[in-house]
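Everything on this sheet refers to the single structure shown next.
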Amino acid sequence: MSNRLNTTPNDLRAFWMPFTANRQFKKEPRLFVSAKDMYYQTHDGRQVLDGTAGLWCVNAGHCRPKITEAIREQAGELDYAPAFQLGHPKAFELANRLVDIAPEGMDHVLYTNSGSESVETALKVALAYHRVKGNGSRFRLIGRERGYHGVNFGGISVGGIVSNRKMFGTLLTGVDHMPHTHQPGKNAFTRGQPEHGGDLATELERIVTLHDASTIAAVIVEPIAGSTGVLIPPKGYLQKLRELCTKHGILLIFDEVITGFGRLGAPFAAQYYDVKPDMITTAKGLTNGVIPMGAVFVTAEIHDAFMSGPEHMIEFFHGYTYSGNPIACAAALGTLDTYKEEGLLTRAAELSDYWADALHSLKDCPNVIDIRNTGLIGAIELDPIAGEPTKRAFTAFLRAYEKGLLIRTTGDIIALSPPLIIEKHHIDELFGKLREILQSNI
Ligand SMILES: Cc1ncc(COP(=O)(O)O)c(C=O)c1O
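Under my numbering, the first residue of the sequence shown is numbered 391, with each subsequent residue one higher.
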């Protein structure tokens, strides 16, 4: 009770912040109070250039009128409709619009509220699919070291980032992992896809030999591993994975929570790399990050396999209270309109050379041991301070914030993924500031 009496609107204690150094933050708070297009405004009145599209999600830039208006209108017209056994028009309209921009054959969409839920949904679809096809022995799920698939139990089980897994017990059973593809010794400072490491996909063959294909339901990978610090797929890698999955009857899931919606210069990485998975998980850019929403794309083959049995029966026992929430659907439709009108789903392709030149120009800065890029994604890997891993990059993050630039760091890697509305002068501003920071003895 006394605690409550002491609580004022600006008291930071109650909120246990996600993926945050809470004690450090609460000593030196960093609060955004408004945003427009490429910039945030801080509580102390400064502008901060958004070098990360929020958390890889604000692809159309901030507070875009079409999206804001769509939400406002929808909130006054139909606020909620039950998601089970009932619907509303925008959920269907959105699914059709999404299927239109998805790789050919991805004909159906399930809605979720986040990337983590999209992953859980896709893994469950994979297990259930094999079961309805009479292959219930296919229960294993294969992920990859350094993979990030959200924070729920399925996602951290197939994921491969140790700190996200080690505290949480046994996780899902029946999971195995392929090796990651990071080979800095061979591929450092590569622009686009690395030359070396494509053959690592054949590790899947080893895993299949170990467990037998008849026990494996699905392989899940991020086409570009983002959260672990931007690992671009080596040449031939994704194609080989596809080939092996097809050969062994294993479903291939691309987790496109960050690569979806234009990040690489095509709507999805599957199109950019010309490799067709059986499912694609998305969230983030679907609504420009404005309202929580995710979507899982599945092929007609997967969807149709469930459409049997008595017609009054539910075909797939899964879903969320907020699956296809009307306001989220309106936000997504406003987002897709904005992407279309401004050509944002392909804009990264036009800017990627300019972006890559600016990014790789930082090669001569102190402590930079690798730089990598594709589309409007960039990463700068720093040499860790001996005995203090992550500190150098975190210092860069704090200095950048002071200088009016938002970057993201993971381990000792700086990851960049600006809104797709970025202009060349913003790119100059971003890398100009970053150069100063990297040269400032961090
Ligand atoms: C590839 C990938 N999958 C899943 C997620 C989880 O998404 P969310 O934080 O919306 O649950 C993320 C988040 O960064 C992601 O990058």
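All residues carry an ideal CB built from backbone N, CA and C; glycine is no exception.
Check: Nonlocal neighbours in the same chain, by C-beta distance under 7 Å from K456, ignoring five residues either side; Outcome: G724, D727 and T728
Check: DSSP beta-bridge partners of D566; Outcome: I532
Check: Whether L484 touches C719 by CB criterion (9 Å); Outcome: yes
Check: Spatial neighbours of M391 in its chain, beta-carbon cut-off 6 Å, leaving aside the 5 residues before and after; Outcome: Since pLDDT at M391 reaches only 41, below the 50 mark, its modelled position is unreliable, and the value read off the structure follows with that caveat. For M391, where only same-chain residues beyond five positions count, there are no Cβ hits under 6 Å.
Check: Near ligand 1: K416 beta-carbon under 8 Å from a heavy atom; Outcome: no
Check: Beta-carbon proximity of H477 to S508, cut-off 9 Å; Outcome: Note that residue 477 is Gly in the sequence shown, not His. No, they are not a contact pair.
Check: A746 to V438 span [Cα, whole Å]; Outcome: 22 Å
Check: For A425, the nearest candidate out of G679, A656 and I704 (CA to CA); Outcome: G679
Check: Contact test: A516 Cβ vs ligand 1 heavy atom, cutoff 8 Å; Outcome: no
Check: Backbone CA spacing between L594 and D602 [nearest angstrom]; Outcome: 11 Å
Check: heavy atom of ligand 2 below 8 Å from S713 C-beta; Outcome: With respect to small molecules bound, the structure shown includes ligand 1 and not ligand 2.
Check: Those residues which DSSP pairs with A769 across a bridge; Outcome: R762 and A805
Check: Residues near G435 by beta carbon distance below 8 Å, same chain, minus five either side; Outcome: none
Check: Cβ distance (whole Å) where H586 is taken to contact N577 below 8 Å; Outcome: 5 Å
Check: Endpoints, the alpha helix (DSSP H) within which D818 is located; Outcome: K814 to L828
Check: Distance, G801 Cα to D760 Cα; Outcome: 14 Å
Check: Where F474 falls: helix, strand or coil (DSSP); Outcome: coil
Check: Span separating the alpha-carbon of A512 from that of M428; Outcome: 33 Å
Check: Assigned secondary structure, V611 (DSSP; H/G/I helix, E/B strand, else coil); Outcome: strand
Check: Beta-bridge pairing of V688 - partner residues as DSSP gives them; Outcome: H498 and M669
Check: Proximity to G709 [Cα-Cα], best of L488, E701, H815 and G684; Outcome: G684
Check: Exposure label - V665; buried when at least 16 CB within 10 Å; Outcome: buried
Check: DSSP three-state assignment for R632, whether helix, strand or coil; Outcome: helix
Check: Any non-hydrogen atom of ligand 1 closer than 8 Å to I836 Cβ; Outcome: Here the chain covers residues 391 to 832 and nothing more, so residue 836 does not appear.
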